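Chemist: What follows is a single structure, and I will ask about it in a moment.
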Amino acid sequence: MATVCTPHTISPAAIVSSSPVRCSHSQSQLLFRSNFLNHRRHHSPNLPISATNLRAATKGRVLCSQNPNPTPTRRPEYVPNRISDPNYIRIFDTTLRDGEQSPGASLTSKEKLNIARQLAKLGVDIIDAGFPAASKDDFVAVKMIAKEVGNFVDKDGYVPVICGLSRCNEKDIKTAWEAVKYAKRPRIHTFIATSPIHMEHKLRKTKEQVIEMARSMVSYARSLGCQDVQFSPEDAGRSEKEFLYQILGEVIKAGATTLNIPDTVGYNVPTEFGQLIADIKSNTPGIDDVIISAHCHNDLGLSTANTLAGASRGARQLEVTINGIGERAGNASLEEVVMTLNCRGEHVFGGLYTGINPRHIYMTSKMQHKAIVGANAFAHESGIHQDGMLKDKRTYEIISPEDIGYDRSSEAAIVLGKLSGRHALKNQLQQLGFELDDVQLETVFWRFKGVAEQKK
12 MATVCTPHTI SPAAIVSSSP VRCSHSQSQL LFRSNFLNHR RHHSPNLPIS ATNLRAATKG
72 RVLCSQNPNP TPTRRPEYVP NRISDPNYIR IFDTTLRDGE QSPGASLTSK EKLNIARQLA
132 KLGVDIIDAG FPAASKDDFV AVKMIAKEVG NFVDKDGYVP VICGLSRCNE KDIKTAWEAV
192 KYAKRPRIHT FIATSPIHME HKLRKTKEQV IEMARSMVSY ARSLGCQDVQ FSPEDAGRSE
252 KEFLYQILGE VIKAGATTLN IPDTVGYNVP TEFGQLIADI KSNTPGIDDV IISAHCHNDL
312 GLSTANTLAG ASRGARQLEV TINGIGERAG NASLEEVVMT LNCRGEHVFG GLYTGINPRH
372 IYMTSKMQHK AIVGANAFAH ESGIHQDGML KDKRTYEIIS PEDIGYDRSS EAAIVLGKLS
432 GRHALKNQLQ QLGFELDDVQ LETVFWRFKG VAEQKK
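Mapping to our numbering: the sequence shown position 59 is 70, numbers consecutive.
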């Protein structure tokens with residue numbers, strides 16, 4: 012998790028209402044549509060997240076064209092500290108909290124509520140609604156989300172957990188509870204740093220003091236009536252493992268239901284982070300009575316890989332943001348994590364799956380070059396790729412854009428350029444109503460190449 016700081020400011024112009032967002036991967040730009048109702052009129056139908064509609068929309072848990080496995084008809088019943096299906100992955104979206112810590116980013120209460128509504132349509136299990144003690148506006152936003160989004164139950168009983176962040180002190184925890192308690196499934200998430208550098212230079216506390224603060228504050232959160240308490244040892248990726256086992260064991264005894272393991276500064280590599288999760292699972296007293304969560308940052312570009320490595324070694328809650336926005340280089344990307352599990356979960360990850368409805372991914376956000384949701388994610392300009400796409404789209408696409416709710420206008424997303432071949436040019440001309448013989452095509456092709464080489 013990222014260190015809590017005062018929220019930055021985002022330009023209201025960055026909240027786009029209906030037109031597609033096409034921009035570079037800049038953390039200073041927020042990449043959502045606020046006016047979801049207007050946008051949905053022009054895209055796929057407004058499907059509630061229910062067993063029937065999820066099954067009808069996806070026709071398979073794995074939407075990857077190479078792996079058509081059946082979708083479970085319903086997600087497991089929510090119990091804070093356990094999951095009845097060991098292959099089910101809870102998705103914890105922290106866009107509204109850690110995502111807002113993206114440099115230059117902040118959201119109004121109304122904008123946060125709109126995004127929370129869309130996250131519920133995606134089928135997110137837990138919405139990290141914010142840090143209520145950070146500001147009056149953040150408190151209001153979390154409370155609004157808890158009252159509205161946290162009480163909308165679909166016909167299959169799905170309702171998202173609404174979570175509020177707090178530091179390990181009574182004031183923060185009480186404030187978080189006052190904001191989230193209106194939800195049907197409220198959660199308090201409290202944290203304290205556990206790495207040597209943080210304890211010595213930031214907290215200036217001993218290991219014993221840190222353990223006592225963590226234990227007592229988790230106990231305090233439970234005493235308020237909150238039955239769902241998450242604890243994070245901040246900077247776990249650089250913490251001593253034996254100390255982690257000790258402090259995690261103590262907060263379990265105090266009543267924690269989820270243990271989130273954050274690679275706060277994006278320091279770990281996948282094998283290392285996966286082993287950390289496995290070691291915690293093997294060495295922490297009482298670990299079978301809680302859910303292990305993974306929260307990875309992208310400072311080395313490994314947040315998604317680390318998150319998936321954590322899942323493969325026992326994490327059953329994965330913390331993500333839309334488009335991976337967040338502190339510094341960002342967080343693990345919801346769309347990347349979810350679609351990797353949809354596409355490879357059955358064979359590579361032992362059957363792991365999520366409750367996310369991928370049909371709502373594309374309408375949530377678009378970027379020009381972003382994996383899964385980028386405007387160019389399903390566009391092809393190389394002649395070799397175009398030829399393969401025209402013959403069979405599976406040659407160069409492992410995911411169908413229709414699977415994430417994107418209906419592309421051209422049959423094969425062919426973009427003509429100087430690298431395009433004859434097959435692509437002929438196909439595009441036919442779509443325009445021109446039928447050329449081989450000699451004519453050859454002449455037009457070389458003229459086209461001459462023009463294309465002059466422009467980009």
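All residues carry an ideal CB built from backbone N, CA and C; glycine is no exception. This one's a predicted model, so the numbers in the text were calculated from it and none came from an experiment.
By Cβ distance, which residues of its chain are closer than 7 Å to E464, with the 5 residues on each side in sequence left out?
Modeler: Answer for E464: K429, listed in chain order.
Chemist: Measuring alpha carbon to alpha carbon, tell me which residue in I303, I184 and I126 is nearest T375.
Modeler: Selected option, being the one with the closest Cα: I126.
Chemist: Does the distance from the C-beta atom of I173 to that of K123 stay below 9 Å?
Modeler: Taking 9 Å as the Cβ cut-off, I173 and K123 do not qualify as a contacting pair.
Chemist: Would you give the residue range spanned by the beta strand (DSSP E) that D139 belongs to?
Modeler: Segment I137 to G141, the beta strand (DSSP E) holding D139.
Chemist: Using alpha carbons as the reference points, say which of R86, P87, P91 and R85 lies closest to D299.
Modeler: That would be P91, whose Cα lies nearest to the Cα of D299.
Chemist: DSSP three-state label for H396, please.
Modeler: Looking at H396 - three-state DSSP - the assignment turns out to be helix.
Chemist: Would you be able to state if there are at least three C-beta pairs under 8 Å between the region 146-153 and the region 335-354?
Modeler: Counting Cβ pairs under 8 Å, fewer than three are found: no touch.
Chemist: Give the range of the alpha helix (DSSP H) segment to which T318 is assigned.
Modeler: Its alpha helix (DSSP H) spans residues S314 to S323.
Chemist: So, for L427: in the same chain, excluding its five sequence neighbours on each side, which residues have a beta-carbon less than 8 Å away from its beta-carbon?
Modeler: Result list for L427: E392, A435, L436, Q439, F459 and A463, in chain order.
Chemist: What does a CB cutoff of less than 6 Å around F103 pick up in its chain, not counting 5 residues either side in sequence?
Modeler: Excluding sequence neighbours, F103 sits near I137, Q328 and E330.
Chemist: Can you grab the Cα-Cα spacing for the pair M228 / P197, in whole Å?
Modeler: Distance between the alpha carbons of M228 and P197: 17 Å.
Chemist: Can you check which of these residues, E261, K182 and Y231, is closest to E219 by C-alpha distance?
Modeler: Considering only alpha carbons, the answer is E261.
Chemist: Under the three-state reduction of DSSP, which class applies to P369: helix, strand or coil?
Modeler: Of the three classes helix, strand and coil, the one that applies to P369 here is helix, per DSSP.
Chemist: Where in the region 205-289 do unbroken runs of the beta strand (DSSP E), each at least 3 residues long, occur, reported from the N-terminal end onward?
Modeler: For the region 205-289, whole beta strand (DSSP E) runs of length 3 or above, ordered along the chain, are 240-245 and 269-274.
Chemist: Since S304 is in the beta strand (DSSP E), which residue starts that stretch and which ends it?
Modeler: First-last of the beta strand (DSSP E) with S304: I302 to C307.
Chemist: Looking only at DSSP bridge pairs, what is Y364 linked to?
Modeler: DSSP, once it has assigned bridges, lists Y99 as partnering Y364.
Chemist: Using only alpha-carbon positions, find the residue among L259, I272 and R226 that is nearest to D246.
Modeler: Nearest C-alpha to D246: I272.
Chemist: For N78, I'd like the list of residues in its chain whose CB is within less than 8 Å of its CB, leaving aside the five on either flank, ordered along the chain.
Modeler: A caution first: N78 carries a pLDDT of 47, below 50, which makes its placement in the model unreliable, though a value can still be read off. So the qualifying residues of the chain are C354, R355, E357 and H358.
Chemist: Mind checking whether S344 and N334 have CB atoms under 9 Å apart?
Modeler: Taking 9 Å as the Cβ cut-off, S344 and N334 qualify as a contacting pair.
Chemist: Considering only their Cβ atoms, is the gap separating L259 from P281 smaller than 9 Å?
Modeler: No, the Cβ-Cβ distance between P281 and L259 is not below 9 Å.
Chemist: Between S117 and E338, is the Cβ-Cβ spacing less than 9 Å?
Modeler: Against a cut-off of 9 Å, the Cβ pair of E338 and S117 comes out as no contact.
Chemist: Helix or strand or just coil, what does DSSP make of S344?
Modeler: Three-state DSSP puts S344 in a strand.
Chemist: Quick one: Cα of I303 to Cα of I367, how far?
Modeler: The straight-line gap from Cα to Cα measures roughly 19 Å.
Chemist: Where does I425 fall in DSSP's three states?
Modeler: I425: strand per DSSP, three-state reduction.
Chemist: Who are C174's beta bridge partners in DSSP?
Modeler: Answer by DSSP bridge pairing, in chain order: D139 and R198.
Chemist: In chain order, what residues of the same chain have a beta carbon less than 6 Å from the beta carbon of Y417, not counting five sequence neighbours either side?
Modeler: Hits under 6 Å: Y373.
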